[in-house]
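Trainee: First the structure, which I've put down as structure tokens, then a few questions once you've had a look.
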Amino acid sequence: MEALFYERTGKDAVCRLCRRFCRIPPGGTGFCRVRKNESGRLEVLNYGRVAAASVDPVEKKPFFHFAPGSLAFSICSVGCNFSCGYCCNWNLSREWTDFGEEMSPEDVVNAALSSGSQGISYTYTEPTVFFEFASDCAKLARKSGLYNTFVTNGYASEEAVSAASGFLDAAVIDFKAAADPEFYRKHAGVRGAGEIFRTLEIFFEKGVFVEVTNLVIPRLGDDRRRFEVFCKRISDISPEIPLHVLRYFPSYRFSLPPTPEKTILEFVEIARKAGLKYVYPGNLPSGLDTVCGCGRVLIKRVGLPAVSVELKCPECGFEPPVKGRKWIPKNLLKTGGIK
Ligand code: SF4
Ligand code: SF4
76 MEALFYERTG KDAVCRLCRR FCRIPPGGTG FCRVRKNESG RLEVLNYGRV AAASVDPVEK
136 KPFFHFAPGS LAFSICSVGC NFSCGYCCNW NLSREWTDFG EEMSPEDVVN AALSSGSQGI
196 SYTYTEPTVF FEFASDCAKL ARKSGLYNTF VTNGYASEEA VSAASGFLDA AVIDFKAAAD
256 PEFYRKHAGV RGAGEIFRTL EIFFEKGVFV EVTNLVIPRL GDDRRRFEVF CKRISDISPE
316 IPLHVLRYFP SYRFSLPPTP EKTILEFVEI ARKAGLKYVY PGNLPSGLDT VCGCGRVLIK
376 RVGLPAVSVE LKCPECGFEP PVKGRKWIPK NLLKTGGIK
């Protein structure tokens with residue numbers, strides 16, 4: 076299938092899907108290895124190929140303020156425009172051996188519906204590099220009443236982010252090391268993270284609900300001062316954007332020990348002091364509930380999934396920012412209080 080977002084320059088194709096803007100000679104592929112110049116026409120190699128599919132609680136993405144308690148049929152294709160040395164899904168993002176199962180957008184939507192999921196998440200690798208397939212699935216999913224979400228590194232071009240805003244309900248934007256450009260250069264293979272804030276702003280302005288993660292890696296990405304500045308920048312967009320402070324575990328080429336739990340809890344406090352109202356520790360077993368300012372638990376999460384949701388505090392009347400309400404399973408909604 077012919078790619079979206081590219082232009083021809085002589086015999087080369089310049090891909091404009093992500094901010095790498097690869098200039099691809101005839102017969103060559105871009106950095107992600109899933110877009111190929113075939114005689115001047117840019118072809119998508121991974122269209123309709125699903126490398127992984129699973130039914131996950133939406134909280135695993137992680138979404139804590141979007142459709143809590145719902146199930147997200149989660150899919151990916153192979154490929155990524157980053158080369159993170161700590162990638163948990165490196166066998167799909169960088170070193171895949173085959174393209175995966177053939178599925179049409181109809182197959183994906185039917186599988187999502189028959190699994191009992193309330194929506195679809197394009198995740199695990201980088202959805203930008205299977206944009207055309209995600210877009211076709213999403214348009215069909217929306218007609219079937221399902222939601223659509225991206226879990227993304229945020230490096231898509233402005234043009235692609237704007238187009239994605241037309242079919243997405245929510246997005247998680249993943250940052251690493253509080254957007255340290257040096258970290259991005261050395262460990263993700265990209266020139267910096269400044270433009271990722273622009274992705275966040277575009278989604279926010281266009282009404283796509285956003286949550287943010289930040290991966291804290293010991294020694295390489297745990298600068299407190301930088302993290303405080305990062306949180307203030309998110310808070311300037313909106314203090315209500317939920318932030319997940321993710322604990323790192325060794326994976327792929329990284330053998331550093333896991334981030335100490337106390338570091339994650341310390342970072343959660345820094346984020347709160349910087350003005351963010353909804354901050355959660357990621358990859359820790361506790362501290363996952365959404366708690367009202369008056370102290371009442373409004374969204375209770377056990378393990379990870381929400382098990383009980385109150386959209387209005389019965390003690391003080393406060394309503395937490397929760398989007399995608401129509402997809403919250405009715406049996407989780409409480410009006411009489413969470414025990
Ligand atoms: S999506 Fe990004 S990495 Fe892939 S070919 Fe296009 S510009 Fe290059
Ligand atoms: S952006 Fe995500 S999927 Fe891509 S290499 Fe990095 S961690 Fe892996």
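Residue numbers for the sequence shown follow the working numbering, so the first one is 76 and each next one is one higher.
Beta carbons: idealized from backbone N, C-alpha and C, even for Gly.
#1: Please list the terminal residues of the continuous beta strand (DSSP E) segment that includes Ile-195.
#2: Val-236 to Ile-271, Cα distance in whole Å?
#3: For His-262, name the three-state secondary structure that DSSP assigns.
#4: When we look at the beta-carbon of Lys-261 and count the other beta-carbons within 10 Å, is it buried (16 or more) or exposed?
#5: Please report how far the alpha carbon of Glu-257 lies from the alpha carbon of Ser-158, in whole angstroms.
#6: What is the rounded straight-line gap between the Cα of Ala-19 and the Cα of Lys-281?
#7: Where are the alpha helix (DSSP H) runs, 4 residues long or more, that stay fully inside the segment 202–242, in chain order?
#8: Under 8 angstroms by Cβ, that's how I've got Pro-335 and Pro-325 pegged, so tell me the actual separation to the nearest angstrom.
#9: Determine the direct distance from the alpha carbon of Glu-390 to that of Gly-160, and round the result to whole angstroms.
#10: Nearer than 8 angstroms: is that true of the beta carbon of Cys-155 relative to any heavy atom of ligand 2?
#11: Return the chain-ordered list of same chain residues with a C-beta closer than 8 angstroms to the C-beta of Gly-357, the five sequence neighbours on each side being excluded.
#12: Please determine whether the Cβ atom of Ser-383 lies at a distance below 8 angstroms from any heavy atom of ligand 2.
#13: In angstroms, rounded to a whole number, what distance separates the CA positions of Ala-263 and Cys-388?
#14: How is the alpha helix (DSSP H) around Ala-346 delimited, first residue to last?
#15: Would you say Thr-104 touches ligand 1, meaning its beta carbon is less than 8 angstroms from a heavy atom?
#16: Under three-state DSSP, which class holds Ile-403?
#17: Grab me the residues of Ala-209's own chain with a C-beta within less than 7 angstroms of its C-beta, minus the 5 sequence neighbours each way, in chain order.
#18: Do Pro-380 and Tyr-353 count as a contact pair if the criterion is CB distance below 9 angstroms?
#19: Considering only their Cβ atoms, is the gap separating Phe-279 from Ser-313 smaller than 9 angstroms?
#20: For Thr-410, is the classification buried or exposed, using 16 other Cβ atoms within 10 angstroms of its Cβ as the cut-off for buried?
#21: Please check the pair Thr-227 and Asp-249, which I expect to be a contact at CB under 8 angstroms, by giving their CB distance rounded to whole angstroms.
#22: Can you check the segment 143–202 for any alpha helix (DSSP H) of at least 4 residues that lies completely inside it and give the ranges in chain order?
#23: Enumerate, from N- to C-terminal direction, the unbroken beta strand (DSSP E) stretches of 3 or more residues contained entirely within the segment 358–412.
#24: Could you pull the DSSP bridge partners for Asn-121 from this structure?
#25: Starting from Arg-300 and walking both ways along the alpha helix (DSSP H), at which residues does that stretch end?
#26: Which word fits Asn-223, buried or exposed, when buried means at least 16 other C-beta atoms lie within 10 angstroms of its C-beta?
#27: Using the three-state DSSP reduction, which class does Ala-126 fall into: helix, strand or coil?
#28: Quick one: what's got a C-beta closer than 7 angstroms to Pro-132's C-beta in the same chain, skipping five residues either side?
#29: Can you give me the C-alpha to C-alpha distance between Glu-286 and Ile-309, rounded to a whole angstrom?
Mentor: Judging by the given coordinates:
#1: 194–197
#2: 11 angstroms
#3: helix
#4: exposed
#5: When rounded, the separation of the alpha-carbon atoms in Glu-257 and Ser-158 is 14 angstroms.
#6: Because the chain is modelled from 76 through 414, residue 19 falls outside the range shown and cannot be assessed.
#7: Entirely contained in the segment 202–242, the alpha helix (DSSP H) runs reaching 4 residues are, in chain order, 206–218, 233–240.
#8: Actually they do not touch by this definition, with Cβ atoms about 14 angstroms apart.
#9: 47 angstroms
#10: Placement of the Cβ of Cys-155 at a distance of less than 8 angstroms from at least one heavy atom of ligand 2 is found.
#11: These residues qualify, in order along the chain: Pro-137, Thr-288, His-319, Val-320, Leu-321, Arg-322, Ile-339.
#12: no
#13: 42 angstroms
#14: 336–348
#15: yes
#16: coil
#17: Tyr-197, Pro-202
#18: no
#19: yes
#20: exposed
#21: Confirmed, Cβ separation roughly 7 angstroms.
#22: 165–168, 180–189
#23: 372–376, 381–384
#24: Checking the DSSP bridge columns, you'll see Asn-121 has no partner listed.
#25: 299–312
#26: It counts as buried.
#27: coil
#28: Cβ neighbours of Pro-132 beyond the five flanking positions: Leu-146, Leu-379, Pro-380.
#29: 10 angstroms
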